[in-house]
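I have placed the structure first, in the form of structure tokens, so that the comments after it can refer back to it.
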Amino acid sequence: MDLKSIITLQNHDGGWPYHKAGGSCTEPTVFALLAQLVSKGDPQSMERGFTWIRAAQRQDGGWPPRPSVAQTTWITALVALLPRDVLGRTHFASAVEWLMGLTGQETSFVYRLRNELLSGDISNAAEARGGWPFIPGAAAWVTPTTFSILALEKARRFDTTGRIQQRIEAGRWFLIDRICKDGGWNYGRSRVLGVEAESYPETTGQALLALNRLQPPYLEKALAAAQEQARRCQSSEGLSWLQLGLQVHGIIAEGPGRQLLCRHVVDSSLQVLAQAALHGNNVFLE
Amino acid sequence: MGCLGFTGCSLVGGRQALPRVSIVRAPAYGPAIYDIVRRLLVEHRVDVRGRRVVVKPNLVEFDPGATINTHPMLVHAALEGFRALGAADVRIAEGPGHRRVTLDLAEAAGYFETIPHFEELFTDLNLDEVSQVLLKDPFSRLNSVYFPNTALAADLLVSLPKMKTHHWVGATLSMKNFFGLVPGGVYGWPKNVLHWAGIDECIADFHAAFPRHFAIVDGIVGMEGNGPIQGNPKSVGVLVAGRDMPAVDATCCRIMKINPASIRYLRLATGPGGLEEAGIKQIGEPIKSVQTAFDLIEPFQSIRL
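Going line by line, the protein sequences match chains A and B. If you count the first sequence from 1, position 252 lands on 252 in the working numbering, and the numbers rise without skipping. If you count the second sequence from 1, position 210 lands on 210 in the working numbering, and the numbers rise without skipping.
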């Protein structure tokens, strides 16, 4: 699905569905807008899309995944990747505040006390607790943490207090703590019940993107793992994330040598974004 | 919501009838499965004429073999079986818990190759439209859950899980398979909020939230050890089916040499004494004739039957 086809799928209300004829959702709308921003999209389509996004913001400053859900989620970090001046400064600022106030449930005092008393597990050092959950009340995971870091990196230049930078650093420690033995990232912990977790293309690409400031040698194994994953990747979405993540570290990912099908608006838009990044326009970077 | 002819309701003539569970031998994934599934549906008098059926397999990971995911041939056999019985619409639907790329998973698992027009028949429950459902007297800490409209609109929800051990709850069978009804698009990948609300409790809640169900467990090749992903293949050569999911799962546990009474979500769903072998009418192969001990990881050694 090329950019024109993505634009064609825009709903009358201005948002995008995941699939043709579906209802508008926040995630595909953000990705369709990002894809248009990097490739001279249709100004009218974009304006309608931004109007939909602004209207979908909740009173707490965040966004729900779709209008029928009365709950702010990690999707807020995706919205905060949109340019502040186009989204609207007030919309952007309240999204950033919502993200700044969110941590994983494992950071709660009760959980930490219970964990340390019952299991003696003190491996969750303070610096590894800076991740973000998908939804308030759950633990932190790699994907929402990467998007929150990327969003806050965009917000950092408007902050004079340094607290955003501090939170970004905490998020990065979380990601470093989650590196799997094979060098990449699983969606969560690198070890579960004593067994090493395997890394995934999507999360590995996302984490490399969020760790764009980290220099080798820290990421040598991760970069090698990501390149290997790209060569045997079985999904377009996974390959696009790997291309985006490797590109920020100066590496062009080599794919599996066969065409991977795009299934919906998000992976189609990601393909556009990955191609733009290969030409030096990585929309996720500050 | 009324108690339809094919629901899990088992009141017959004012007296509680024993739940019926079929165990049939199916040594391999081959054409014979189609006939076996048709016979199972007839045996359980599943009446889906003019109804909407949603078949829910267990798609978990990229797996070139047959160990992790429900085999596509069984899914196709169920699809054909319900069509043959006159269902107005049969859809396949799943919302994997770890991976976002559902259709890519399905392709790697052989679903596109085995099931004609698969993409048109499939709904990714992680991305489906949702409605909020209030849980009545929940066991978990959840008061409400957003569920996919495709699942909510089904007249019959068919759980088609793999027979596997599970490193958090002991065994994952037809009831646990309903975790895939919870939309990742709302709760994330994984659906970690369910862990905080109580995994076993959520399983019992979702079983109650979808009372119009039927189960066929893929025990042709199951998984033992560190399931549901990192375990080892275990050939059992059976399909286990019935309308009463706790009874089906309890029977599967016995086949796996796991004590069903030690599985918390089963106890929650049935109450005390609801899992007795004598309280389930077994049809087909006797449990003993197909019973084979599944390897269990260290924390679950105590659940051995």
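Just so you know, even glycine gets a beta-carbon here, dropped at the ideal spot from N, CA and C.
query: C-beta neighbour in chain B for Glu254/A, strict 8 Å; result: no
query: Cβ-based neighbour list, Val182/B, same chain, cut-off 6 Å, excluding 5 preceding and 5 following; result: Lys191
query: Option in Ile168/A, Arg129/A, Met100/A and Thr90/A with minimal Cα separation from Phe109/A; result: Arg129/A
query: Neighbour-count burial assignment, Ile287/B, 16 or more Cβ in a 10 Å radius; result: buried
query: Minimum Cβ-Cβ distance from Thr73/A to chain B less than 8 Å; result: yes
query: Ser268/A classed as buried or exposed, judged by whether at least 16 other C-beta atoms fall within 10 angstroms; result: buried
query: Host alpha helix (DSSP H) of Gln243/A (start-end); result: Ser236 to Gln247
query: Bounding residues of the beta strand (DSSP E) (the contiguous stretch that carries Thr123/B); result: Phe122 to Asp124
query: Cβ distance (whole Å) where Gly188/B is taken to contact Trp141/A below 8 Å; result: 7 Å
query: Cβ-based burial, Phe294/B [other Cβ within 10 Å; buried from 16]; result: buried
query: Cys9/B to Ile92/B span [Cα, whole Å]; result: Residue placement at Cys9/B cannot be trusted, given a pLDDT of 41 that sits under 50; the coordinates are not used to answer.
query: Proximity to Lys56/B [Cα-Cα], best of Gln282/B, Val169/B, Leu125/B and Val145/B; result: Leu125/B
query: Distance, Gly188/A Cα to Leu134/B Cα; result: 29 Å
query: Segment contact, 8 Å Cβ cut-off, at least three pairs: the segment 248 to 261 of chain B with the segment 295 to 304 of chain B; result: yes
query: Touch test, the segment 146 to 158 of chain A against the segment 72 to 80 of chain A, Cβ-Cβ under 8 Å, three pairs minimum; result: yes
query: Spatial distance of Tyr146/B from Val130/B (CA atoms); result: 6 Å
query: Distance, Trp132/A Cα to Thr107/A Cα; result: 10 Å
query: Selection of the segment 223 to 244 of chain A by Cβ proximity to chain B, strictly under 9 Å; result: Gln234, Ser235, Ser236, Glu237 and Gly238
query: Beta-carbon proximity check, Leu81/A vs Val30/A, cutoff 8 Å; result: yes
query: Contact test: Gly225/B Cβ vs the ligand SAM heavy atom, cutoff 7 Å; result: The model depicted lacks the ligand SAM and carries no ligand whatsoever.
query: Amino acids of chain A, ordered along the chain, whose beta-carbon sits closer than 7 Å to that of Val193/B; result: Ile135, Gly137 and Ala138
query: Cutoff 6 Å; reference Lys176/B; Cβ partners in own chain excluding five residues on either side; result: Ile203
query: Coil, strand or helix - Ala241/B by DSSP; result: strand
query: Cross-chain neighbours of Val69/A in chain B, by beta carbon under 7 Å; result: Val130, Tyr146 and Val186
query: Identified DSSP bridge partners for Ile216/B; result: Ala241/B
query: Cβ-based burial, Lys4/A [other Cβ within 10 Å; buried from 16]; result: exposed
query: For Thr172/B: DSSP bridge partner residues; result: Lys164/B
query: Cα-Cα separation, Val290/B to Arg254/B; result: 10 Å
query: For Gly185/B: DSSP bridge partner residues; result: Its beta-bridge partners do not exist; DSSP assigns none.
query: Neighbour flag for Glu127/A against chain B, beta carbons, 8 Å; result: Confidence is the limiting factor: at Glu127/A the pLDDT is only 49, short of 50, which leaves the residue's position unreliable, though a coordinate-based value still follows. Not one chain B Cβ lies under 8 Å of Glu127/A.
query: Collapsed DSSP secondary structure at Phe62/B in the structure displayed; result: coil
query: Closer than 9 Å at the beta carbon, the chain B residues around Thr143/A; result: Arg100, Gly188 and Trp189
query: Supposed close pair Ile263/B, Ile303/B - CB separation, criterion 8 Å; result: 7 Å
query: Test: Gly62/A CB closer than 8 Å to a CB of chain B; result: no
query: Cα-Cα separation between Pro136/A and Val186/B, rounded to whole angstroms; result: 11 Å
query: Outcome for Arg212/B when other beta-carbon atoms lying within 10 angstroms are tallied against a minimum of 16; result: buried
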